[in-house]
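>
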Amino acid sequence: MKHSSLLTLGLLAALAVAGCGGTAAPPTTAPGSAVAGGPVASAKPAGSAAAISASASAKPSAETAGGNTLRYNIGDEPESIDPAQDQDTTQDFVIMQLNATLVYPDKDLNIKPGLAEKWDVSPDGLTYTFKLRSGLKWSDGTPFTAKDVEYSFKRLFDPATASPYTDIVKGIKGAEEFFTSKSKDAAELQKLRDGVGVKATDDTTVVITLKEKQAFFLSTLFNGATAPVNQANLEKNKDKSFDAPNYVGTGPFRLQTWQHKSKMELVPNPNYYGGAPKINLTLVMIHEPTATLAAYKNNEIDASGATNLSAADTNAIRNDPAYKDQVLQYTELGTYYLQYNVTKKPFDASPEGKKLRQAVGYAIDRKTLVERVLAGVGTVATSLIPPGMPGHLDNIGPTYDVNKAKQLMSEAGFPDGKGLPQNIQASYNNLGTWPQVMQYVQANLQAIGINIQLDPRESKTYFKEMRENASPLFRAGWNSDYPDPDDWYRVIFKSDSSQNYGKWKNEQFDKLVTQAATEQDQNKRLDLYRQAAEIMADDPPATIWYHAARFRLFKPAVKGIVTTGQDGGLPGKYFLKDVSLQR
Amino acid sequence: MGAFLVRRALALIPVLFFVALMTFVLMHLTPGGPWDREKPLSPQAIENLNAKYHLDLPPAQQFLLYLWNALHGDFGPSYTHPDRTVAEIIASGAGITLQLGFFALIFALVLGLPLGVLAALRHNTPADYLSMFVAVFGYSVPNFVLATFSIVIFAAVLHLLPTGGWESWRAWILPAMALGFGPAAAIARYTRSSMLEVIRQDYVRTARAKGVRELLVVRRHELKNALLPVVTILGPAVAYLVTGSFVVEQIFHIPGIGRNFVDSILSRDYPLLMASVLLYAAAVAVANLLVDLSYGLLDPRIRY
Numbered sequence: 000m001k002h003s004s005l006l007t008l009g010l011l012a013a014l015a016v017a018g019c020g021g022t023a024a025p026p027t028t029a030p031g032s033a034v035a036g037g038p039v040a041s042a043k044p045a046g047s048a049a050a051i052s053a054s055a056s057a058k059p060s061a062e063t064a065g066g067n068t069l070r071y072n073i074g075d076e077p078e079s080i081d082p083a084q085d086q087d088t089t090q091d092f093v094i095m096q097l098n099a100t101l102v103y104p105d106k107d108l109n110i111k112p113g114l115a116e117k118w119d120v121s122p123d124g125l126t127y128t129f130k131l132r133s134g135l136k137w138s139d140g141t142p143f144t145a146k147d148v149e150y151s152f153k154r155l156f157d158p159a160t161a162s163p164y165t166d167i168v169k170g171i172k173g174a175e176e177f178f179t180s181k182s183k184d185a186a187e188l189q190k191l192r193d194g195v196g197v198k199a200t201d202d203t204t205v206v207i208t209l210k211e212k213q214a215f216f217l218s219t220l221f222n223g224a225t226a227p228v229n230q231a232n233l234e235k236n237k238d239k240s241f242d243a244p245n246y247v248g249t250g251p252f253r254l255q256t257w258q259h260k261s262k263m264e265l266v267p268n269p270n271y272y273g274g275a276p277k278i279n280l281t282l283v284m285i286h287e288p289t290a291t292l293a294a295y296k297n298n299e300i301d302a303s304g305a306t307n308l309s310a311a312d313t314n315a316i317r318n319d320p321a322y323k324d325q326v327l328q329y330t331e332l333g334t335y336y337l338q339y340n341v342t343k344k345p346f347d348a349s350p351e352g353k354k355l356r357q358a359v360g361y362a363i364d365r366k367t368l369v370e371r372v373l374a375g376v377g378t379v380a381t382s383l384i385p386p387g388m389p390g391h392l393d394n395i396g397p398t399y400d401v402n403k404a405k406q407l408m409s410e411a412g413f414p415d416g417k418g419l420p421q422n423i424q425a426s427y428n429n430l431g432t433w434p435q436v437m438q439y440v441q442a443n444l445q446a447i448g449i450n451i452q453l454d455p456r457e458s459k460t461y462f463k464e465m466r467e468n469a470s471p472l473f474r475a476g477w478n479s480d481y482p483d484p485d486d487w488y489r490v491i492f493k494s495d496s497s498q499n500y501g502k503w504k505n506e507q508f509d510k511l512v513t514q515a516a517t518e519q520d521q522n523k524r525l526d527l528y529r530q531a532a533e534i535m536a537d538d539p540p541a542t543i544w545y546h547a548a549r550f551r552l553f554k555p556a557v558k559g560i561v562t563t564g565q566d567g568g569l570p571g572k573y574f575l576k577d578v579s580l581q582r
Numbered sequence: 000m001g002a003f004l005v006r007r008a009l010a011l012i013p014v015l016f017f018v019a020l021m022t023f024v025l026m027h028l029t030p031g032g033p034w035d036r037e038k039p040l041s042p043q044a045i046e047n048l049n050a051k052y053h054l055d056l057p058p059a060q061q062f063l064l065y066l067w068n069a070l071h072g073d074f075g076p077s078y079t080h081p082d083r084t085v086a087e088i089i090a091s092g093a094g095i096t097l098q099l100g101f102f103a104l105i106f107a108l109v110l111g112l113p114l115g116v117l118a119a120l121r122h123n124t125p126a127d128y129l130s131m132f133v134a135v136f137g138y139s140v141p142n143f144v145l146a147t148f149s150i151v152i153f154a155a156v157l158h159l160l161p162t163g164g165w166e167s168w169r170a171w172i173l174p175a176m177a178l179g180f181g182p183a184a185a186i187a188r189y190t191r192s193s194m195l196e197v198i199r200q201d202y203v204r205t206a207r208a209k210g211v212r213e214l215l216v217v218r219r220h221e222l223k224n225a226l227l228p229v230v231t232i233l234g235p236a237v238a239y240l241v242t243g244s245f246v247v248e249q250i251f252h253i254p255g256i257g258r259n260f261v262d263s264i265l266s267r268d269y270p271l272l273m274a275s276v277l278l279y280a281a282a283v284a285v286a287n288l289l290v291d292l293s294y295g296l297l298d299p300r301i302r303y
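If you read the protein sequences in the order shown, they are chains A and B.
For the record, in the first sequence the residue sitting at position 226 is 225 according to numbering that gives the first Met the number 0, with numbers rising by one throughout.
For the record, in the second sequence the residue sitting at position 214 is 213 according to numbering that gives the first Met the number 0, with numbers rising by one throughout.
1) Would glutamine 338 of chain A be called buried (16 or more neighbouring beta carbons within 10 Å of its own) or exposed?
2) Check whether the Cβ atoms of leucine 407 of chain A and glutamine 438 of chain A sit closer than 7 angstroms, and answer yes or no.
3) Less than 7 angstroms between the beta carbons of leucine 209 of chain A and leucine 125 of chain A, yes or no?
4) So does the region 372–389 of chain A actually touch the region 324–336 of chain A, counting three or more Cβ pairs closer than 8 angstroms?
5) Here's a check: name, in chain order, each residue in its chain whose Cβ is nearer than 7 angstroms to the Cβ of glutamate 175 of chain A, leaving out the five neighbours to either side.
6) With a threshold of 7 angstroms between beta-carbons, can alanine 155 of chain B be considered close to chain A, or not?
7) Hey, how far is the Cα of aspartate 268 of chain B from the Cα of proline 42 of chain B?
8) Use the C-beta contact count for leucine 289 of chain B: other C-beta atoms within 10 angstroms, 16 or more gives buried, fewer gives exposed.
9) Please list, in chain order, all residues of the same chain as aspartate 483 of chain A whose beta carbon is under 6 angstroms from its beta carbon, the five residues on each side excluded.
10) Please list the residues of the region 447–463 of chain A that have a C-beta atom closer than 8 angstroms to any C-beta atom in chain B, keeping them in chain order.
11) Is DSSP giving phenylalanine 129 of chain A helix, strand or coil here?
12) Excluding sequence positions up to five away, which residues of its chain have a Cβ less than 6 angstroms from the Cβ of aspartate 509 of chain A?
13) Please specify which runs of the alpha helix (DSSP H), each continuous and at least 4 residues long, are wholly inside the region 394–426 of chain A, giving them in chain order.
14) Output the distance between the C-alpha atoms of leucine 583 of chain A and methionine 131 of chain B, rounded to the nearest integer angstrom.
15) How is the beta strand (DSSP E) around methionine 263 of chain A delimited, first residue to last?
16) Between the Cα of threonine 79 of chain B and the Cα atoms of A/Ile207, A/Lys260, A/Lys136, which residue gives the shortest distance?
17) Mind checking which residues open and close the beta strand (DSSP E) that includes valine 326 of chain A?
18) Please name the residue in B/Met273, B/Leu296, B/Asp291 whose C-alpha comes closest to that of aspartate 73 of chain B.
19) May I ask which residues mark the beginning and end of the alpha helix (DSSP H) holding valine 133 of chain B?
20) Starting from isoleucine 534 of chain A, follow the alpha helix (DSSP H) in both directions and report where the run begins and ends.
21) By the 10 Å Cβ neighbour count, where 16 or more other Cβ atoms means buried, how is asparagine 505 of chain A classified, buried or exposed?
22) CA-CA distance, lysine 354 of chain A and serine 426 of chain A?
23) Does the beta-carbon of serine 266 of chain B, which I'm using as the reference point, lie nearer than 6 angstroms to any heavy atom of the ligand FMN?
24) So, do the region 79–92 of chain B and the region 236–256 of chain A have three or more beta carbon pairs nearer to each other than 8 angstroms?
25) Is any beta-carbon of chain B found at less than 7 angstroms from that of serine 261 of chain A?
26) So isoleucine 250 of chain B contacts chain A; which residues on that side make the cut at Cβ distance below 9 angstroms?
27) Since I believe valine 490 of chain A is in contact with valine 435 of chain A (beta carbons under 8 angstroms), could you give me their beta-carbon distance rounded to a whole number of angstroms?
28) Would you list, in sequence order, the uninterrupted alpha helix (DSSP H) runs of no fewer than 4 residues that lie entirely inside the region 198–267 of chain A?
29) For valine 247 of chain A versus serine 79 of chain A, is the C-beta distance shorter than 7 angstroms?
30) Let me know the secondary structure DSSP gives arginine 83 of chain B once reduced to three states.
31) Does DSSP put proline 182 of chain B in a helix, in a strand, or in coil?
32) Jot down the residue ranges of each uninterrupted beta strand (DSSP E) in the region 74–153 of chain A, minimum 3 residues, whole runs only, in chain order.
33) On a Cα-Cα basis, can you pick out the residue from A/Trp257, A/Arg154, A/Gln213, A/Glu211 that is closest to arginine 192 of chain A?
34) I need the straight-line Cα distance from leucine 9 of chain B to asparagine 68 of chain B, nearest angstrom please.
35) Against chain A, which members of the region 262–294 of chain B pass a CB distance test of less than 9 angstroms?
36) For the region 216–230 of chain B, enumerate the residues whose C-beta is nearer than 8 angstroms to any C-beta of chain A, in chain order.
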């Protein structure tokens, strides 16, 4: 009948339109942003219209897509790129492309000149005098002077700024008093501000005074939070100073556009002291690992960036001839462990509890954990400090030895686990690979007779619980703030540290790490830390599992990626300015 | 009709108030706050932040302060994006999410209606069974599964479409399909059963007996009357599209407000969360109002 064929046609037409997306015109090559300008969408798209920019999608399978722009996935939108708000790795990554700091790391995290070309330390270790390079400029061409450094540090410690992460540099004289002040009196606040130990004695000299000796102080100064901010910009643009196109920094790149939750476009900063980079940088924000991998295979991005692929995808890529040579695997300064709340049984501070904690250390098969659960993305660890940092130790701490574990259990009075409470609570946050890691650990412990109950939580709920009332066993970890053992031993495990969720207390340990924080002789320091590590092995506050590694993909056209242990999951962070593209 | 509209608009106010109240209470009852991180902030930093965002006030006062500001158009700063206000974030993303929902709805209608009509007219034939198979498929497969598979097939393997974003019209296709397939299935099924009922009606038989052309019978008598139940489910369908957009936006990295909603819950960004919930509540309420109004268009017996 006539109408049926009409309907069928209509149906087919509907399917054709809405179904498979293949269309007549072949996709065009993206013009590839030239160094000056490119597809620029307004920074604040007013609703839908501006969001639909004219940029075409990448031509599939040809390497010409992208042009002279490195398209790098940073995973999520950074919360804020105001240096004073720098507290996570995504923010720090973007901040470090747009800003420079007083000192700068090399690929081994040694301290090298940054904005400052040289510095002196007074004999008592309390006064640091930095000499800035001459001719420094902001990205908008205005001159950069020592006053900018003074202003920025004072802003960082201003309680009104409410910076979340001043811990790093609160050793500076007067900083803590200013930061914790509840005063509303303008005169008093100004007095406190003037009392902060950062002074510009002339246009190119900054003098920083500490309130106590800190052997590691210089290594805290390349954190993005210390990057200078432009006072004139802040006074003119206030809340909008840190958005495109207002952003003013001293770093290798300039922020050209920022389509929120979508992408940021960075172009070279000709006023950068180290010389302008050779590439443009487009930072995209793809969160899902599957989508990232698909985008990489579809030539939409050049670097998988922040994405952690699943174990299955990792193995598949390793065996895929098309992609296995594009893998970059490197280690980072991160360590993950099972921490104990020593105020709760059975892993408490008693001699039996101590033996139990030691036993757990011998019961974990870390090698298989890394190889199978993590698909080889990690390195076995037995002590706290990761490789690549001073203070890393190879031969301290337990190895996998089930017999030794069982022996320790008997010595503790729980042969084969008899007498232990059942279903000991072990909590963790339900993210990424933690469920698999915890299940694996549960199996390891089952083998020696310890029966734990896994208790997953949503992340924020977990962090709050860890802080206020940690369960007997809980999963924890640490990523370096600055490449020094002080950031690890003292900051995490000193008994009065706010991080010490497990309430572990060892007086000898406390003494050692306090002394090491101010000790100037590096060899003496390392020896003190070695003793601290030995204490941690004997009376474990935590059982260490593995050190962090990352598995990332880069297109062959990307040349010159240099990783450091503090890249925070975004490889090449400190040296993107030296990258070149050979498409 | 005018009085009806005014009444419905006024009814929105207590609805939104209670939504705001419930959201506020649930938000603050949920353990964990905006400053709980894996690497904790110092107590002083937390104090400064609480003072800055008035979180140190008693909860009742905070709620009233929020309402007062909201009535003046100030929906607060975002905790997770301190450089932008909540109003700015929503304004920049809402248009995109609305577009996505609109395209998904169009896809659902374009796929679902013909499928349902075909199935009804070709009742108990292979065409019917095939249409219903497609419907059940769309119903059962979750939209995130559909989304992920379509990315892998059409982008990574076939290189036909981009994996996401919202830049060119090509990027609209997969998300609209992933989001719209479920409602398409529901629309197909409802259309089919509604059409089957209408086909048996006396007035249809009369029209055919009078000699009216078959196509006109379908259009003027069968389809129009069959649409009433279908329109009814469009209200909940809009709600579904709105909530489904969270997942789809996440997977296709679309810069809409769906992602904001999910992120704000996970990061306890209270102002953004409140504004998002209120926006969605208002959107669903308006959608239901439009559905009610459309009855008047479709069925002359219904007058307001």
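All residues carry an ideal CB built from backbone N, CA and C; glycine is no exception.
Answer, in terms of the structure:
1) Indexing the first sequence from 1 puts residue 338 of chain A at position 339. Classification of glutamine 338 of chain A: buried, given that the 10 Å Cβ count is 16 or more.
2) Taking the first residue of the first sequence as position 1, residue 407 of chain A is located at position 408. Taking the first residue of the first sequence as position 1, residue 438 of chain A is located at position 439. No. Outside cutoff.
3) Along the first sequence, read from residue 1 onward, the residue named residue 209 of chain A stands at position 210. Along the first sequence, read from residue 1 onward, the residue named residue 125 of chain A stands at position 126. Between leucine 209 of chain A and leucine 125 of chain A, the C-beta gap is smaller than 7 angstroms, which places the two residues in contact.
4) Three or more beta-carbon pairs separated by less than 8 angstroms link the region 372–389 of chain A to the region 324–336 of chain A, which places the two stretches in contact.
5) Numbered from its first residue, the first sequence carries residue 175 of chain A at position 176. Cβ within range, chain order: Lys169.
6) The residue given as residue 155 of chain B occupies position 156 in the second sequence. Output row for alanine 155 of chain B: interface = yes.
7) In the second sequence, the residue the question calls residue 268 of chain B occupies position 269. In the second sequence, the residue the question calls residue 42 of chain B occupies position 43. About 19 angstroms.
8) The sequence position of residue 289 of chain B within the second sequence is 290, counting from 1. Leucine 289 of chain B is exposed by the Cβ-count criterion.
9) Residue 483 of chain A sits at position 484 when you count from the first residue of the first sequence. Non-local C-beta neighbours of aspartate 483 of chain A in its own chain, meaning closer than 6 angstroms and more than five positions away in sequence, comprise Phe215, Ser218, ordered along the chain.
10) Considering only beta carbons, the part of the region 447–463 of chain A lying closer than 8 angstroms to chain B consists of Glu457, Ser458, Lys459, Thr460, Tyr461, Phe462, Lys463, in chain order.
11) Position 130 of the first sequence, counting from 1, holds the residue named residue 129 of chain A. Strand at phenylalanine 129 of chain A.
12) Counting from one through the first sequence, the residue named residue 509 of chain A turns up at place 510. Lys493, Ser494, listed in sequence order.
13) Every alpha helix (DSSP H) stretch that sits fully inside the region 394–426 of chain A and reaches 4 residues is listed by chain position as 401–410.
14) Examination of residue 583 of chain A is not possible in this model, given that chain A is present from 0 through 582 alone.
15) Mapped onto the first sequence, residue 263 of chain A falls at position 264. Its beta strand (DSSP E) spans residues 262–267.
16) For the purposes of this step, residue 79 of chain B is taken as residue 80 along the second sequence, with counting starting at 1. When only C-alpha atoms are compared, the closest one is A/Lys260.
17) For the purposes of this step, residue 326 of chain A is identified with residue 327 of the first sequence, where counting begins at 1. Segment 326–339, the beta strand (DSSP E) holding valine 326 of chain A.
18) By 1-based counting over the second sequence, the position of residue 73 of chain B is 74. Comparing Cα-Cα distances from aspartate 73 of chain B to each of B/Met273, B/Leu296, B/Asp291, the minimum goes to B/Met273.
19) Translated into the one-based positions of the second sequence, residue 133 of chain B becomes position 134. Per DSSP, valine 133 of chain B belongs to the alpha helix (DSSP H) from 125–139.
20) Your numbering for residue 534 of chain A matches position 535 in the first sequence. For isoleucine 534 of chain A, the enclosing alpha helix (DSSP H) has its first and last residue at 521–537.
21) Translated into the one-based positions of the first sequence, residue 505 of chain A becomes position 506. The residue is buried, with at least 16 neighbouring Cβ atoms inside 10 Å.
22) By one-based count along the first sequence, residue 354 of chain A stands at place 355. By one-based count along the first sequence, residue 426 of chain A stands at place 427. If you draw a straight line from the Cα of lysine 354 of chain A to the Cα of serine 426 of chain A, it is about 22 angstroms long.
23) In terms of ligand content, the structure shown is empty, and the ligand FMN therefore cannot be addressed.
24) Touching, yes, given that three or more Cβ pairs across the two stretches are closer than 8 angstroms.
25) The residue given as residue 261 of chain A occupies position 262 in the first sequence. Yes, because at least one Cβ of chain B sits closer than 7 angstroms to the Cβ of serine 261 of chain A.
26) Position 251 of the second sequence holds residue 250 of chain B. The contacting residues are His286, Glu287, Thr289, Ala290.
27) Here residue 435 of chain A refers to the residue found at position 436 of the first sequence. Here residue 490 of chain A refers to the residue found at position 491 of the first sequence. Here residue 435 of chain A turns out to be glutamine, not valine, going by the sequence shown. So it is not a contact: roughly 28 angstroms between Cβ atoms.
28) You should have 230–236.
29) Reading the first sequence from its first residue, position 248 is the one you call residue 247 of chain A. Reading the first sequence from its first residue, position 80 is the one you call residue 79 of chain A. Against a cut-off of 7 angstroms, the Cβ pair of serine 79 of chain A and valine 247 of chain A comes out as no contact.
30) Here residue 83 of chain B is taken as the residue at index 84 of the second sequence, counted from 1. When secondary structure is reduced to three states using DSSP, arginine 83 of chain B falls in the coil class, being assigned neither helix nor strand.
31) Within the second sequence, the letter at position 183 stands for residue 182 of chain B. Reduced to three states, the DSSP call for proline 182 of chain B is helix.
32) Those beta strand (DSSP E) runs which fall completely within the region 74–153 of chain A and span 3+ residues are 102–104, 110–112, 115–120, 126–131.
33) On the first sequence, position 193 is the one that residue 192 of chain A refers to. The shortest Cα separation from arginine 192 of chain A among A/Trp257, A/Arg154, A/Gln213, A/Glu211 belongs to A/Arg154.
34) Locating residue 9 of chain B in the second sequence gives position 10, where the first residue counts as 1. Locating residue 68 of chain B in the second sequence gives position 69, where the first residue counts as 1. If you take the alpha carbons of leucine 9 of chain B and asparagine 68 of chain B, they lie about 20 angstroms apart.
35) Cβ proximity to chain A below 9 angstroms picks out Asp262, Leu265, Ser266, Arg267 from the region 262–294 of chain B.
36) For the region 216–230 of chain B, which is checked against every Cβ of chain A, the residues closer than 8 angstroms are Val217.
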